[in-house]
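Per the working numbering, the very first residue in the sequence shown carries number -5; after that it's consecutive. The C-beta atom is built at its ideal place from N, Cα and C for all residues, glycine as well. The structure displayed is predicted, hence computed values, not measured ones. Written below as structure tokens is the structure these notes are about.
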Amino acid sequence: MNYVFLGGAGEVGSSCMLLSVAGRYLLFDCGIRVNQTGRDALPDLEFLKQSAPTLDAIFVSHAHADHVGALPMAHALYPNAPIYATVGTQRLSSVMLTNAVRVMETEAEDTLFKQEAVDTTLARIQTLESGQWIELWDGWRVQFIRSGHILGAVSIYLETPEGKFFYSGDISTFHQKTIDGLSDITSLPAPDFMVCEATYGDGLHPSRTEEEVKLAKAVADVIQDGGSVLIPSFALGRAQEIILILKDAMISQNIPVFPVITDGLVNSICAVYESLTESLGTKLQKNIKNARQPVFFYKNFTRARLGEQEAILKNETPKCIIASSGMLTGGASVTYAKGLAAHEKNAIFLSGYQDAESPGRKLQALQSGDTLNFADGTCVDVKCRVERFHLSAHSDQVQLTSVIKTINPKAVALVHGEETALKALKEKLIRKYPVTCPYNKQILSTTDFPEWVSPTARAQMEKKAVLNVSVQINGDTIALDGHTQQTPRWQEFAQGEHTATLKGDRLIIRKK
């Protein structure tokens, strides 16, 4: 079982992993780097072509751009490969990828793919339900497990003739307002290998409930003082959470009713959520049945129409604006930030992960009066209130550690994190598990020992390591199948003298 990351290893963005096992090639996700454009945003698809003569399947964990944004390009390279995803991921990917085409065409960016490529990719997707085993080929089966991150998001458990594999995708162990958290994983057989995200591997989240209360109150305070609030949000997932946070606080009369405007891709994503209520959180489904109104609507809530940003900014009525993108790299939020940031009475509230090079991350570090530079070259003196609220849809260090211990893999690789996060989570795990933090284009075997393992510890681990092989016994002669004889692991092990013990149907061979 060999694997290589074409993107997403040692970074957050461009998630894309190739797994080679039992003569088949499988791709897990194919995303972009959301803070970059053109070819720089892509996983290394040329390396993918060199590494995989064909693809037997593509699995998509969820529809965020950093996991699905380059999927049409992978499909173009391997048009016969079936693509597996949930219904939610399929529908959300349609919105996300269609929007990506529009952005590339209207902003004169390098056009990586066109709408026709999106349409053929979506048509290739076979939808699977979570929580059910699906037979793929003889000796192969897969199960999607609700990961709790956004609508339709899953972790992927794969059983192969040569071992079991768990791909986490992005995980949220806790319930959000829109989506229930990670499904029960206690009954899953321990996999031979696990790939786990580490976005917040170095941090602990504060109380989710307390952060939601703080955000609602902070927005209400700014508006009561005559200002307006911009909440730049990931259009998919985060924006829907924030809408419901404000809506629930108003219904509970914890804050007054005030205008809330949603803009950009946020509105299209809300429509998809509203069309798949059966996939939403258990509590929200009950509220929907009783409320008899759209999920993301309340008294003064409106959805901005195309080209209304300037008019909304000129209207001095205090309001809260929820708009994409969440890192201020583009989208409607950039227009609103430019119009609101220079006035002390206004506020910009950040609510999610900010890439190290994004305007959102830079905004967090500014002092009042400092200048913020946007991607288009515009500069704004920031005098508004800036605050960050922790509403992540990713699990933190303690939660990720708990998930890994529950799954209990024989070995784990950590990805989807900055260096500090990867290192911190690794330190929490290395006493119990072989842990590696791969880098992109590094071809590894799931039985490889991480670089940090000392020679002494490695020798002890090798003695205990299990190598499953197929044998034929003819009299006193034991013959291995040709595939096993050719593997580097067996060739290295076969050198020297050995002892053999037959225990039931297991032949245990040890080096002397």
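Pick from the options that is closest to residue i, judged by C-alpha positions
i      : options                        : result
Glu205 : Leu344, Ile282, Asn261, Ser273 : Leu344
Glu413 : Phe(-1), Asp34, Gly4           : Gly4
Arg202 : Ser162, Leu49, Asp390, Asp113  : Asp390
Lys377 : Ile255, Lys158, Gln361         : Gln361
Gln170 : Leu408, Arg232, Ala243         : Arg232
Ala317 : Thr323, Leu259, Leu240         : Leu259
Asp178 : Thr31, Ile139, Gln234          : Ile139
Val380 : Gly363, Ala387, His492, Cys373 : Gly363
Arg286 : His492, Ala243, Arg297, Thr271 : Thr271
Arg382 : Gln358, Glu491, Asn74          : Gln358
Gln44  : Leu278, Leu65, Tyr19, Thr372   : Tyr19
Straight-line Cα distance separating residue j from residue i
i       : j      : result
Ala459  : Glu156 : Because the pLDDT at Ala459 is just 49, under 50, the model does not fix this residue reliably, and the point stays unresolved.
Asn309  : Gly7   : 37 Å
Asn340  : Ile315 : 11 Å
Gln485  : Ile263 : 53 Å
Ile217  : Ala147 : 35 Å
Gly175  : Ile144 : 9 Å
Met(-5) : Glu351 : 35 Å
His492  : Asp442 : 21 Å
Gly63   : Ala94  : 8 Å
Asp219  : Ser396 : 43 Å
Buried versus exposed call for residue i [16 or more other C-beta atoms within 10 Å across all chains shown]
i      : result
Gln489 : exposed
Thr83  : buried
Gly1   : buried
Ala509 : Residue 509 lies beyond the range of the chain shown here (-5 to 506); nothing can be said about it.
Lys211 : exposed
Asp23  : buried
Leu198 : exposed
Ile245 : exposed
Thr495 : exposed
His410 : buried
Leu152 : buried
Ser227 : buried
Asn367 : exposed
8 Å contact criterion, which residue i and residue j should meet: CB distance rounded
i      : j       : result
Leu423 : Val429  : 5 Å
Ile128 : Ser149  : Wrong, their Cβ atoms sit about 14 Å apart, outside the cutoff.
Thr121 : Val81   : 5 Å
Pro47  : Cys10   : Not confirmed; about 17 Å, so no contact.
Lys356 : Val(-2) : Contact flag wrong, Cβ pair sits at about 33 Å.
Lys420 : Leu408  : 6 Å
Pro312 : Ser222  : 6 Å
His58  : Leu238  : Contact doesn't hold; Cβ gap of about 19 Å is too wide.
Gln303 : Asp349  : Contact doesn't hold; Cβ gap of about 24 Å is too wide.
Leu385 : Gly325  : Contact flag wrong, Cβ pair sits at about 18 Å.
Paired residues, beta bridge with residue i - DSSP
i      : result
Met11  : Phe(-1), Phe22
Gln218 : None; Gln218 has no bridge partner.
Gly157 : Thr154
Leu91  : According to DSSP, which records beta bridges pairwise, Leu91 is partnered with nothing at all.
Ile179 : Answer is none; Ile179 lacks a bridge partner.
Ser149 : Ile139
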